[in-house]
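Counting with the numbering used here, you get residues 1 to 486 for the letters of the sequence shown.
Yeah, the Cβ is synthetic: ideal placement off N, Cα and C, and Gly gets one too.
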Amino acid sequence: MEIDSSLDFSPELLKKLILRSAEIIEEWYSIGIRNSKIYRNYSPADIRSLFDEPMPVEGSNPEKLLEKIRKDVFRASNFNPSPNYYGYITGGGNHASIIAELLKASLNQNNLKWHSAPANSEIEKIVVKWICQFINYPDDAGGVLVSGGSVANFLNLAVMRKVMCPGDIANDGLYGGTRITVYVSEQGHSSIDKAMDMLGLGKNYLRKVPVDDNLRVNTKILEETIREDRSSGLMPACIIGIAGTTNNGAVDPLKELGNIASKYNMWYMVDGAYGLPAAGTEMAGHLFEGLEMADSLLINPHKWFFVPFEASCVIVKNKKLLRDTFSLMPDYLRGGQEETERDDLMNYNLQLTKDFKALKVWMTFKTYGAGKLKKAIENDCGLAQYAKLLIEKADDFELMAPVPLSIVCFRYTGKNGRYTGDEQKLDNINEKILDGIEKDGRIFFAGTKIKGRTSLRINLTNHRRTKADIDFLFKVLRQIAGKTIK
Ligand SMILES: Cc1ncc(COP(=O)(O)O)c(C=O)c1O
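Structure (structure tokens):
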């Protein structure tokens with residue numbers, strides 16, 4: 001007797017479900033964009049109670065499941081595509097990518113090998129080239145799409161470690177080798193610390209270099225530290241320039257860093273997870289002068305190319321070094337090599353199988369063109385300047401940091417600036433405002449610390465925003481401040 005083990009729907013049902021999903025997506029955008037709270041303040045228990053049940057042994061009706069998703073998953077999710085969402089560094093997502101994601105899942109390409117994912121393998125190389133062209137970096141570089149900036153920092157440092165560490169570390173590990181040091185601004189992203197830990201390089205060998213008043217790395221102290229480390233027997237191996245810090249978008253002096261790296265024969269890497277797309281714009285391109293000197297970099301399409309999660313890109317100028325770091329061929333993966341032109345994606349990545357991320361990046365570039373993407377990035381930078389101006393003109397807010405790209409750090413100072421000068425009080429009231437924002441739910445963002453003080457921090461990487469949205473933000477903030485601060 002044959003067992004019916006097929007998981008397929010009938011063609012009619014498949015189509016019906018896809019069409020219903022399309023309606024749900026359309027509804028989410030048309031109702032959600034400006035109309036409702038974007039954060040609903042459910043407790044973890046509230047959300048758990050919607051989904052927590054014993055493992056289903058019997059299946060359910062997929063049409064009913066779609067309604068459950070519409071009702072409960074969508075309701076309990078943040079409305080991040082909204083222009084009222086200023087949290088973390090999240091791109092607004094774009095419609096073209098949503099279609100690409102749907103199609104990608106149906107293709108289900110096993111893209112570790114060229115012959116198991118021909119279109120995927122070639123399209124990924126093409127989008128890496130386009131990204132290089134967009135940011136004015138040599139387009140014969142090697143590159144690979146990965147999940148996010150943290151993983152990209154890890155892979156990038158793994159390449160550096162392979163190139164710079166003396167000895168055969170692939171086989172012998174780092175045991176007993178020369179200790180290498182890595183340099184980054186104290187504003188560097190925490191994923192660099194994690195990578196130092198996990199690559200066996202050690203966080204104690206990551207030098208966090210102080211910054212200047214603009215929160216850019218202080219190159220004088222950097223060079224002094226490199227010299228000190230050298231004279232104490234360490235091997236300064238890598239400088240990481242940040243092209244758009246997470247806190248305020250500061251872009252390190254990339255050219256100066258490149259010159260220091262070549263003076264001391266060091267690897268030069270740029271973390272542009274957030275800010276690098278702005279290198280391709282007329283408005284901000286000048287900030288990235290010297291980028292072409294970098295040996296490697298990372299850039300996240302899922303931030304400022306407005307691609308939905310997940311997509312980050314590792315780029316290494318000398319493609320061979322990226323390949324040499326990750327290429328390892330077990331017997332079962334040797335097939336399909338007869339064509340020398342075939343270049344397997346797995347040779348450039350820690351991951352073997354991964355999803356077809358390149359399709360949504362390709363769709364984004366093809367649908368909008370580099371021109372429109374640049375305009376959207378410039379619009380974000382322009383609105384950040386608008387927000388900055390409003391803060392400078394206001395007597396109840398003050399700026400906490402320069403605004404080079406799309407992030408604005410500021411704080412509430414009380415009506416007519418009545419708390420100005422009282423740092424402790426300012427910390428307290430701004431913490432309260434941050435709590436109040438969550439409770440209110442009409443806008444969303446989290447705070448940070450700037451020079452040790454509590455700061456409100458908005459990030460504007462969203463192509464749907466206008467000046468009216470910024471005006472709304474300050475209106476809501478004043479209402480929240482009025483309610484929370486007695
Ligand atoms: C400069 C920088 N590097 C790395 C990352 C980590 O990226 P992801 O969140 O994609 O892991 C971020 C995240 O905001 C970042 O701003």
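Excluding the five sequence neighbours on either side, which residues of its own chain have a C-beta within less than 6 Å of the C-beta of residue i, listed in chain order?
i      : result
Met235 : Thr178, Ile180
Ser191 : Ser150, Asn153
Ser116 : Asn110
Leu297 : Val270, Gly272, Ile315
Ile169 : none
Gly167 : Gly177
Ala96  : Met363, Thr364, Thr367
Gly290 : Leu254, Lys255, Gly258
Can you list, in chain order, the residues of its chain with a C-beta nearer than 7 Å to that of residue i? Leave out the 5 residues immediately preceding and following it.
i      : result
Asn347 : Arg323, Phe326, Ser327
Ser406 : Gly249, Asp380, Cys381, Ala384, Asn459, Leu460, Thr461
Gly369 : none
Exposed or buried, residue i, counting other C-beta atoms within 10 Å across all chains shown (16 or more means buried)?
i      : result
His463 : buried
Leu215 : buried
Leu276 : buried
Tyr137 : buried
Tyr268 : buried
Ala45  : exposed
Gln187 : buried
Leu155 : buried
Thr340 : exposed
Leu426 : buried
Val403 : buried
Gly447 : buried
His286 : exposed
Gly142 : buried
Ile433 : buried
Asp197 : exposed
Regarding residue i and ligand 1, is the C-beta to nearest heavy atom distance less than 7 Å?
i      : result
Asn248 : no
Ile89  : yes
Tyr86  : no
Asp495 : Not covered by the structure: residue 495. The range shown for the chain is 1 to 486.
His286 : no
Ser312 : yes
His95  : no
Asn153 : yes
Asn41  : no
Tyr274 : yes
Gly244 : yes
Gly148 : yes
Asn156 : no
Ser455 : no
For residue i, collect the residues of the same chain with a Cβ closer than 8 Å to its Cβ; drop the 5 residues on either side in sequence, then sort them by chain order.
i      : result
Leu399 : Lys388, Ile391, Glu392, Val408, Cys409, Phe410
Gly173 : Gly200
Ile443 : Ile38, Asn84, Tyr85, Tyr86, Ile437, Phe472, Leu473, Val476, Leu477
Lys467 : Leu383, Tyr386
Phe74  : Ile24, Trp28
Asp343 : Trp114, Ser121, Lys125
Arg453 : Met400, Arg411, Glu423, Leu426, Asp427
Thr219 : Pro253, Glu256, Leu257, Ile260
Asn430 : Arg411, Tyr412, Gly447, Thr454, Ser455, Leu456
Just the C-alpha distance for residue i and residue j, rounded to the nearest angstrom, thanks.
i      : j      : result
Leu102 : Ala279 : 30 Å
Leu145 : Ile89  : 19 Å
Lys317 : Ala401 : 33 Å
Lys451 : Pro11  : 60 Å
Lys194 : Leu157 : 11 Å
Asn108 : Val163 : 34 Å
Lys372 : Thr245 : 24 Å
Ile25  : Thr353 : 28 Å
Leu345 : Val128 : 12 Å
Gly92  : Ile131 : 19 Å
Phe79  : Leu50  : 18 Å
Phe134 : Lys366 : 13 Å
Glu53  : Asp4   : 26 Å
Met293 : Leu17  : 50 Å
Thr413 : Ala394 : 10 Å
Pro210 : Leu7   : 57 Å
Asp355 : Lys104 : 8 Å
Ala22  : Asp213 : 49 Å
In this structure, what does DSSP give as the bridge partners for residue i?
i      : result
Ala243 : Val251
Gly272 : Ile299
Asn459 : Ile407
Met235 : Ile180
Lys208 : Val184
Glu398 : Arg411
Gly143 : Ile315
Thr420 : In DSSP, Thr420 forms no bridge with anything.
Give a single yes or no on whether residue i has its beta carbon closer than 7 Å to a heavy atom of ligand 3.
i      : result
His115 : Among the ligands modelled here, namely ligand 1, ligand 3 does not occur.
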